[in-house]
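Take a look at the structure set out below.
In UniProt numbering, the protein residues as written are 1 to 138.
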């Protein structure tokens with residue numbers, strides 16, 4: 001699924017097009033190899049292996065705290081941040097909920113990113129979801 005964003009100059013472009021296509025290929029590869037009934041950790045471990053094989057720059061399980069009364073409150077753990085650009089949230093649920101989208105919105109806001117991807121490996125037909133943060137900088 002592609003989401004197109006309009007910018008002030010009214011040109012249309014796909015956010016992080018090349019990286020998004022590369023990630024989608026990785027998601028489908030993992031889904032085809034492991035199927036749909038593995039655990040969250042197994043999919044994350046497999047993703048890390050493929051990222052290393054393909055030399056994809058990533059960070060795994062990073063905390064994105066928010067500021068509250070001058071202090072940092074932890075608790076938003078992103079599964080992967082790829083190329084310091086796209087947060088990836090792995091799911092192993094029957095379906096993606098509104099709460100899952102809101103969680104990704106929190107990740108995007110906390111990291112000031114424009115695009116995040118939710119990938120639910122439990123689905124029979126894999127459909128990575130792109131979530132857009134219009135106020136993000138990266």
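For glycine and all other residues, C-beta sits at the position ideal for the given N, C-alpha and C.
The DSSP assignment places complete alpha helix (DSSP H) segments of no fewer than 4 residues inside the stretch 16-59 at 17-34, 40-53, in order along the chain. When the alpha-carbon of residue 41 is set against those of 54, 60, 68, 52, the nearest one is in 60.
At the C-beta level, residue 37 and residue 122 come within 9 Å of one another. Taking a C-beta distance under 9 Å as the contact criterion, residue 107 and residue 78 qualify as a contact pair.
Only residues of its own chain outside the window of five on either side were considered, and among them 59, 62, 87 have a CB closer than 6 Å to the CB of residue 81, listed in chain order. In terms of CA proximity to residue 48, 26 leads the group 32, 68, 69, 26.
Sorting 119, 112, 71 by C-alpha distance to the C-alpha of residue 96 places 119 at the top.
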